[in-house]
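Heads up: the sequence shown runs through residues 41 to 493, numbered per our numbering. Accompanying notes for the structure given below.
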Amino acid sequence: MTTTRPDTKTALARLLTEIEHRNPAQPEFHQAAREVLETLAPVLAARPEYAEPGLVERLVEPERQVVFRVPWQDDRGRVHVNRGFRVEFNSALGPYKGGLRFHPSVNLGVIKFLGFEQIFKNALTGLGIGGGKGGSDFDPRGRSDAEVMRFCQSFMTELYRHIGEHTDVPAGDIGVGGREIGYLFGQYRRITNRWEAGVLTGKGAGWGGSLIRPEATGYGNVLFAAAMLRERGEDLEGQTTVVSGSGNVAIYTIEKLTALGANPVTCSDSSGYVVDEKGIDVDLLKQVKEVERGRVDTYAERRGASARFVPGGRVWEVPADVALPSATQNELDAQDAAALVRNGVKAVSEGANMPATPDAVHLLQQAGVAFGPGKAANAGGVAVSALEMAQNHARTSWPAARVEDELAAIMTSIHTTCHETATRYGNPGDYVTGANIAGFERVADAMLAQGVI
41 MTTTRPDTKT ALARLLTEIE HRNPAQPEFH QAAREVLETL APVLAARPEY AEPGLVERLV
101 EPERQVVFRV PWQDDRGRVH VNRGFRVEFN SALGPYKGGL RFHPSVNLGV IKFLGFEQIF
161 KNALTGLGIG GGKGGSDFDP RGRSDAEVMR FCQSFMTELY RHIGEHTDVP AGDIGVGGRE
221 IGYLFGQYRR ITNRWEAGVL TGKGAGWGGS LIRPEATGYG NVLFAAAMLR ERGEDLEGQT
281 TVVSGSGNVA IYTIEKLTAL GANPVTCSDS SGYVVDEKGI DVDLLKQVKE VERGRVDTYA
341 ERRGASARFV PGGRVWEVPA DVALPSATQN ELDAQDAAAL VRNGVKAVSE GANMPATPDA
401 VHLLQQAGVA FGPGKAANAG GVAVSALEMA QNHARTSWPA ARVEDELAAI MTSIHTTCHE
461 TATRYGNPGD YVTGANIAGF ERVADAMLAQ GVI
């Protein structure tokens with residue numbers, strides 16, 4: 041086991057205090073930075089070159105932060121003004137890569153937390169992509185297609201000058217699906233007069249998108265959960281699973297769980313959750329959520345006797361062997377984690393970005409539950425985005441089987457890397473430490489090689 045010098049821990053604690061001072065009122069970013077920095081002391085002690093003044097300080101400071109207004113008109117002609125963001129955090133490994141989130145909760149601190157997480161997630165894929173994130177406090181829910189189009193066109197009218205296939209490549213996230221990516225790409229093409237397919241990922245399969253991209257985050261998370269269980273001599277087949285959310289990630293998490301023989305019995309949205317003892321019918325869920333843009337209570341009504349809707353409840357109340365939080369940050373707290381442990385959960389794998397609070401993570405780890413952090417477990421989406429970039433560069437399209445094989449190989453590699461790194465630093469089975477240190481080592485090596493920039 042590596043011995044940590046006291047001065048290393050002191051320096052990291054001092055840096056965390058400075059981060060909080062320099063970035064006031066950004067609790068999500070503080071949380072993300074603390075979660076990473078608190079695990080780095082062993083690697084900084086073992087590799088003195090990483091502890092040189094300035095390297096970690098540069099890592100926690102974005103290379104560029106862009107904030108802009110987004111004016112648009114609704115269908116009644118009324119003008120609205122939203123705020124747009126793009127945080128280009130670190131490009132040591134490649135062009136900035138990370139999604140756009142359209143949701144009322146979006147602010148600079150949320151985008152910085154997501155962008156910081158993206159640095160390590162992207163590094164873990166082993167592909168040549170840096171970390172960034174963006175979005176707006178615009179809420180597409182309840183808006184017509186025409187209103188969403190006008191907003192996306194206004195948003196891209198500013199964003200286009202900051203992105204490019206060799207600079208910064210956005211994708212989708214919460215509130216940004218195929219519809220929004222289409223409108224954004226169309227406006228980019230209109231402004232630039234270039235068919236630069238690699239500037240956005242998550243595009244339609246018929247115009248530069250990659251097969252398996254919509255499924256990738258959910259599929260990848262299930263593959264990571266399966267790898268954690270295999271490490272313990274088990275597999276997913278026959279396991280009861282709980283999934284939060286009902287968007288893209290949750291839907292394809294449920295689909296992959298079913299394909300691997302597990303029984304996913306829940307889905308949720310802000311109104312409550314559904315329990316379906318027969319297992320969630322993914323085709324019905326897709327119809328309700330993706331086609332009709334409805335709520336999960338509609339799924340329960342149509343499903344029949346096997347399903348019930350619990351208004352305002354917590355999906356973590358449902359007994360399960362494996363839990364896959366797939367909605368949003370800090371959705372699973374210590375009380376939820378305690379309920380999961382009482383009900384015998386074996387593994388928790390994060391399909392969303394930082395969905396478990398620090399206290400919840402600590403409780404799960406103390407109870408011996410296998411815990412897959414989002415920066416490792418939900419890296420499948422950005423991995424296939426990078427594969428989409430590769431296809432765009434070659435002006436080709438790969439068959440679905442090839443993309444899925446590549447995704448499986450990447451997720452297996454991420455699991456192996458995290459497990460071996462945690463073991464190497466004296467924390468076997470601690471995927472949080474393994475993911476943080478492995479991602480940090482890859483980025484830090486590149487930063488050292490490229491000089492002080």
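Heads up, the beta-carbon is just placed ideally off N, CA and C, and yes, glycines get one too. Model, not experiment: these values are computed from the prediction.
Simplified DSSP assignment, three categories, for residue i
i      : result
Val216 : strand
Ala53  : helix
Val409 : coil
Ala396 : strand
Asn147 : coil
Gln227 : helix
Thr43  : Low confidence applies to Thr43: its pLDDT is 47, below 50, so where it sits in the model is not reliable enough to give any reading.
Leu372 : strand
Spatial distance of residue i from residue j (CA atoms)
i      : j      : result
Glu295 : Ala377 : 24 Å
Ala449 : Asp114 : 45 Å
Ala65  : Glu317 : 42 Å
Met487 : Leu251 : 33 Å
Ala299 : Thr48  : 46 Å
Ala340 : Gly319 : 12 Å
Arg123 : Arg183 : 17 Å
Arg482 : Ala407 : 31 Å
Ala85  : Val492 : 21 Å
Arg343 : Ser308 : 15 Å
Leu140 : Gly242 : 11 Å
Leu325 : Ala347 : 12 Å
Gly2   : Asp485 : Past the edges of the chain, shown from 41 to 493, lies residue 2, and the structure says nothing about it.
Pro102 : Gly301 : 43 Å
Val121 : Gly391 : 32 Å
Arg181 : Arg87  : 48 Å
Val443 : Arg270 : 23 Å
Ile169 : Ala419 : 12 Å
Phe195 : Gln405 : 41 Å
Pro135 : Gly171 : 8 Å
Gly285 : His61  : 34 Å
Leu154 : Gly117 : 34 Å
Asp179 : Pro210 : 18 Å
Thr197 : Gly226 : 11 Å
Thr338 : Glu274 : 35 Å
Neighbourhood of residue i by C-beta distance below 6 Å, restricted to the same chain and skipping five residues each side
i      : result
Pro439 : none
Arg12  : Because the chain is modelled from 41 through 493, residue 12 falls outside the range shown and cannot be assessed.
Tyr313 : Thr306, Val350, Gly353 and Val355
Glu157 : Ala72, Asn393 and Lys415
Val106 : Arg126 and His202
Asn476 : Val76 and Thr79
Phe249 : For clarity, residue 249 is Gly in the given sequence; the question names Phe instead. Closer than 6 Å at the Cβ level, and outside the excluded window around Gly249, lie Lys243.
Paired residues, beta bridge with residue i - DSSP
i      : result
Tyr313 : Ser308 and Val350
Trp112 : His120
Arg181 : None; Arg181 has no bridge partner.
Tyr136 : Gly170 and Asp208
Gly582 : Within the shown structure, residues of the chain are numbered from 41 to 493, placing residue 582 beyond reach of any answer.
Ala363 : Val282 and Val388
Phe142 : Ser176
Glu274 : DSSP, once it has assigned bridges, lists no residue as partnering Glu274.
Per-residue burial, residue i [other beta carbons within 10 Å of its own, 16 or more giving buried]
i      : result
Val119 : exposed
Gln279 : buried
Gly384 : exposed
Ala345 : exposed
Glu371 : buried
Asp470 : buried
Asn303 : buried
Ala489 : exposed
Trp112 : buried
Asn233 : exposed
Glu128 : buried
Val94  : It should be pointed out that residue 94 corresponds to Gly in this sequence rather than to Val. So Gly94 counts as exposed.
Thr79  : buried
His206 : exposed
Arg435 : exposed
Ser311 : exposed
Sequence-distant residues of the same chain with beta carbon closer than 7 Å to residue i, five excluded per side
i      : result
Ala379 : Trp356 and Glu357
Ala478 : Leu164, Thr457, Cys458 and Thr461
Arg354 : Asp376
Arg229 : Trp235
Leu77  : Leu52, Leu55 and Leu56
Thr473 : Thr79, Ala462, Tyr465 and Asn467
Ala245 : Leu251
Beta-carbon contacts of residue i that lie in its chain and below 8 Å, excluding the five residues immediately before and after
i      : result
Val322 : Ile291, Ile294, Glu295 and Thr298
Arg219 : Asp185 and Val188
Met268 : Ala387, Ser389, Ala410, Gly412, His455 and Tyr471
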